[in-house]
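Engineer: Handing you this structure, nothing more for now.
Protein chains in written order, with my numbering: chain Y, 1 to 113; chain F, 1001 to 1110.
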């Protein structure tokens, strides 16, 4: 079955600290993977997407970066968090070969103080 | 930028049909219409999608106008658990980006 895991579920970090959020998926190989951010009361902002290992497309220039070290692993990072990085971070997946529908993980709620 | 426009909010009485509109006047021939909903503090949940024909599944129905410039998501018998933000997006076959707008906040009233 297809499942998306994200951790941690919640995170509180000081300004200027580093960040690492992890997303792993179960199911077919070579999924398309996505990172979104949702600020409080706002819609979803596409941050990064990846169609293969080591391949990252960035949608919004900012102090965040993404990496895909393994086929089913997608990592969102920052060297120095800003207050504006607070939000709900969602990992999403399209399982290629099983239609083009995008499915979402449970999310990580990040608060930067 | 999102290629769809939706009303900011709507109310619906419990047990009645909820009809959520979406305008996508610049839609191309190879772009599908997708609907998702997001219950507070959860990831968005896929509901339904379509190209040009009306679609129905266990959750909802999708009605797409003949010119494809707008669509309506229908929840036939809304319950309190249907209270959520509903997103309508368009995506072209073979592309990778799913761009979400601000959605419609549906409140189902008892």
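Each residue gets a CB set at the ideal place from its N, CA and C atoms; glycine is no exception.
Please read these numbers as outputs of a predicted model, since none were measured by experiment.
Under 8 angstroms between C-beta atoms, does residue 44 of chain Y make it to chain F?
Structural biologist: Output row for residue 44 of chain Y: interface = yes.
Engineer: One question on the structure: do residue 1033 of chain F and residue 1078 of chain F come within less than 8 angstroms of each other, judged by their Cβ atoms?
Structural biologist: No, they are not a contact pair.
Engineer: Take the Cβ of residue 1103 of chain F as the centre, count every other Cβ of all protein chains shown within 10 Å, and call the residue buried at 16 or more, exposed below.
Structural biologist: The residue is buried, with at least 16 neighbouring Cβ atoms inside 10 Å.
Engineer: Is residue 1011 of chain F helix, strand or coil when you go by DSSP?
Structural biologist: DSSP places residue 1011 of chain F in strand when its eight states are reduced to three.
Engineer: Residue 12 of chain Y touches chain F at which residues, Cβ-Cβ below 9 angstroms?
Structural biologist: In chain order: nothing, as chain F lies at least about 16 angstroms away.
Engineer: Which residues of chain F have a Cβ atom closer than 9 angstroms to the Cβ of residue 47 of chain Y, listed in chain order?
Structural biologist: Simply none; closest approach about 11 angstroms.
Engineer: If we call anything under 8 angstroms between Cβ atoms a contact, is residue 112 of chain Y one with residue 83 of chain Y?
Structural biologist: Taking 8 angstroms as the Cβ cut-off, residue 112 of chain Y and residue 83 of chain Y qualify as a contacting pair.
Engineer: So, with DSSP's three-state summary, where would you put residue 133 of chain Y?
Structural biologist: Because chain Y here runs from 1 to 113, residue 133 of chain Y falls outside it and cannot be looked at.
Engineer: To the nearest angstrom, how far is it from the Cα of residue 100 of chain Y to the Cα of residue 14 of chain Y?
Structural biologist: Distance between the alpha carbons of residue 100 of chain Y and residue 14 of chain Y is about 38 angstroms.
Engineer: Could you check whether residue 6 of chain Y and residue 108 of chain Y sit closer than 8 angstroms to each other, using their CB atoms as the reference points?
Structural biologist: The answer is yes: Cβ separation under 8 angstroms.
Engineer: If we ignore side chains and look at the alpha-carbon of each, how far apart do residue 19 of chain Y and residue 64 of chain Y end up?
Structural biologist: Whole-angstrom Cα-Cα distance: 9 angstroms.
Engineer: What separation, rounded to the nearest whole angstrom, lies between the Cα atoms of residue 94 of chain Y and residue 31 of chain Y?
Structural biologist: When rounded, the distance between both Cα atoms is 6 angstroms.
Engineer: Listing by chain order, which chain F residues have their CB less than 7 angstroms from the CB of residue 104 of chain Y?
Structural biologist: The contacting residues are 1043, 1044.
Engineer: Are any of the Cβ atoms in chain F nearer than 8 angstroms to that of residue 32 of chain Y?
Structural biologist: By this cut-off, residue 32 of chain Y is an interface position.
Engineer: Taking 8 angstroms as the CB-CB cut-off, is residue 1027 of chain F touching chain Y?
Structural biologist: Taking Cβ atoms only, chain Y never reaches closer than 8 angstroms to residue 1027 of chain F, which makes this a no.
Engineer: Candidates F:1005, F:1013, F:1015: which alpha carbon is nearest residue 1022 of chain F's?
Structural biologist: The residue with the shortest Cα to Cα distance from residue 1022 of chain F is F:1005.
Engineer: Which same chain residues end up closer than 8 angstroms to residue 1049 of chain F when comparing Cβ atoms and leaving out the 5 residues on each side of it in sequence?
Structural biologist: 1032, 1033, 1034, 1035, 1055, 1062.
Engineer: Can you give me the start and stop residues for the beta strand (DSSP E) that residue 109 of chain Y sits inside?
Structural biologist: Taken as a continuous stretch (DSSP letters only), the beta strand (DSSP E) holding residue 109 of chain Y covers 108 to 112.
Engineer: State the start and end residues of the unbroken beta strand (DSSP E) segment that holds residue 1106 of chain F.
Structural biologist: Run containing residue 1106 of chain F: 1104 to 1109, per the beta strand (DSSP E) assignment.
Engineer: Please confirm whether residue 90 of chain Y has its beta-carbon closer than 8 angstroms to some beta-carbon of chain F.
Structural biologist: Answer yes: the Cβ-Cβ gap between residue 90 of chain Y and chain F drops below 8 angstroms somewhere.
Engineer: Give me, in chain order, the residues of the same chain whose beta-carbon lies closer than 6 angstroms to that of residue 57 of chain Y; leave out the 5 immediate sequence neighbours on both sides.
Structural biologist: 49, listed in sequence order.
Engineer: Beta-carbon of residue 28 of chain Y versus every beta-carbon of chain F: anything under 8 angstroms?
Structural biologist: For residue 28 of chain Y, the answer is no, since every Cβ of chain F falls outside 8 angstroms of its Cβ.
Engineer: In this structure, how does DSSP classify residue 1068 of chain F when only helix, strand and coil are distinguished?
Structural biologist: Of the three classes helix, strand and coil, the one that applies to residue 1068 of chain F here is coil, per DSSP.
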